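Residue numbers (the working numbering): 394 to 952.
Here is the structure:
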């Protein structure tokens, strides 16, 4: 168990906000986390939606009455447990002043815990009294949240002296692991100056035996964000209150940093937020991302998901049948699904090819699928005029591979604010896809996925290069692998594309092993009767076993 004290004797620096949201992000990622409220103001308790007056046994009782730590915990979210505070904590220090061993009471209490926590994070009070000493005696590391202001630096020396004293006399294992810059604004030169001063100070300690000789400025800076200030009044974490705000993105990255240990080549965007390399991508190329597609949260390493459905909308009945089966398979395999189908296949090989029901009828069918099954919906758009009406119905817009360079189409999709899946053209290198990403990001939309579907390279067929996956992940986007169209032989049937669906499972497994975040699979209840891409579409009966196999591979690669 990693035991961390969030410490600063100055109030209002983002200490409680950081404890709540880092803990919430860790818990959402599957870690088992306990947080302890050592501040008599009980702000941590309130922030997590618990009334201090309702805390019958909390930090005060554990410290002064020998209450059992485990029995005093409240499970406030899945995987997230709170040792709350109430008004009685105000008197704890005066009650303990004459108690022998008063500085190590909490350390002894948590030593008896039967919970297998991954993290314990203590929200220390804005003082350096006995409550703080108990926290420092119990943990292994200290994180110091700090505003990038000149006066904040003045208190840092006193705080570090306290840590050094505790390290010398009570807890030799105690180290300062990091300084977390909160309310950071890169537009103000003072922010950068303070950061540089802290860097120099910590660098000077590298060759000493001081408790902060291995500390660093955490390479993600929490940007000023009003949503972080509003969330506590609703008793919510920032992820619950506004999951797509800058505060959510920053704290998700900080949690990833704590979970994975280090950041490789962190960079900052225009507002000063760091981008980490948290995942298992070869060469540490990956950056972070976080957004929702319908009810599905898209974050690094959170689990495999799929985009699946028929190539084209044939009938409402077929779409509802496939969606129903997709839901069942998703539940059995615990692999979330996004339903896909096209209302108009504008790039068919032949004028005689079936294109679909058209936008109006097609969107009505997709809307019924979404409302019937609460499935996120994805469909492709081919023209600027299709974008706005389609965005009103679906959860994710898709740019077809042959249109991945169309600036007006990319920008119009970006302006909707919807997530966008851009398929890599077979004529494009993975490096060139950054241009498509930049075109969308120029509209302020960062909810972007990239899909690889093979590359033209002789043999009259698509050849798959799995290095495309990590190379495109470096753009800060989840990368999907299209296992269906990667088996195609364009024009192989003269007036239609040929395919080899039995190869799709092999390619899908290889892609997941290479680090793919998701799979794109076209499935049908009767592939031979499919009106589009019948030679490539996969029988839906194959899907459950394939996902079970791919999930195992994903867990080996990512966990």
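Note that beta-carbon positions come from the ideal geometry of N, C-alpha and C, so glycine has one too.
Remember, predicted model here, so these are calculated numbers, not experimental data.
- For the 7 Å CB-CB criterion, residue 732 and residue 702 form a contact.
- Of the candidates 432, 839 and 604, 604 places its Cα closest to the Cα of residue 558.
- Membership of residue 440 in the alpha helix (DSSP H) is indicated by the continuous run 436-440.
- For residue 463 and residue 936, the gap between their C-alpha atoms comes out near 43 Å.
- Approximately 5 Å separates the beta-carbon atoms of residue 872 and residue 843; this is inside 8 Å, confirming the contact.
- Taking a cut-off of 8 Å on C-beta distances, the stretch 583-602 does not touch the stretch 503-517, as fewer than three cross pairs fall below it.
- Taking a 10 Å sphere around the C-beta of residue 562, we find fewer than 16 other C-beta atoms and assign the residue as exposed.
- At least 7 Å separates the beta-carbon of residue 813 from that of residue 788.
- For the set 569, 410, 775 and 586, the Cα lying nearest the Cα of residue 598 is the one of 569.
- When DSSP states are grouped into helix, strand and coil, residue 650 belongs to the helix group.
- The three-state secondary structure of residue 468, taken from DSSP, is strand.
- Beta-bridge partners assigned by DSSP to residue 942: none are found.
- Here the C-alpha atom of residue 431 lies approximately 27 Å from the C-alpha atom of residue 636.
- Comparing C-alpha distances from residue 523 to each of 911, 490 and 778 shows the shortest one belongs to 490.
- Nearest to residue 449 by C-alpha distance, out of 903, 465 and 485, is 465.
- If you draw a straight line from the Cα of residue 639 to the Cα of residue 930, it is about 40 Å long.
- Residue 616 is bridged by DSSP to 577.
- Contact annotation, residue 898 with residue 939: C-beta distance approximately 5 Å; criterion of less than 8 Å satisfied.
- Annotated as proximal: residue 803 and residue 832, with beta-carbon spacing under 7 Å.
- Under DSSP, residue 836 forms no beta bridge with any residue.
- Runs of the alpha helix (DSSP H) lying entirely within the stretch 798-831, each at least 4 residues long, are 800-808 in chain order.
- Uninterrupted beta strand (DSSP E) stretches at least 3 residues long and entirely within the stretch 709-733 occur at 730-733, given in chain order.
- Here the stretch 400-418 makes contact with the stretch 640-649; the two share three or more CB pairs at distances below 8 Å.
- Taking 3 residues as the minimum length, the beta strand (DSSP E) runs contained wholly in the stretch 505-575 are 512-516, 534-539 and 568-574, in order along the chain.
- Pairing residue 530 with residue 933, the inter-Cα distance amounts to about 57 Å.
- Its Cα nearest to that of residue 820, the residue 848 stands out among 749, 848, 806 and 504.
- Runs of the beta strand (DSSP E) spanning 3 or more residues and lying entirely within the stretch 472-504 occur at 473-476, in chain order.
- Per DSSP, the continuous alpha helix (DSSP H) segment holding residue 585 begins and ends at 582-597.
- Between residue 528 and residue 571, the C-beta spacing is not below 7 Å.
- Taking residue 470 as reference, the option from 403, 428 and 547 with the minimal CA-CA separation is 428.
- Scanning 544, 519, 507 and 564 for the CA closest to the CA of residue 534 turns up 564.
- A residue is called buried when at least 16 other Cβ atoms come within 10 angstroms of its Cβ; residue 758 meets this threshold and is buried.
- Residue 476 is positioned such that its CB atom lies closer than 7 Å to that of residue 451.
- In the structure shown, residue 898 adopts helical secondary structure according to DSSP, grouped into three states.
- Residue 761 carries a helical assignment under DSSP once its states are collapsed to helix, strand and coil.
- For residue 877, no alpha helix (DSSP H) segment is defined, and its DSSP state is neither H nor E.
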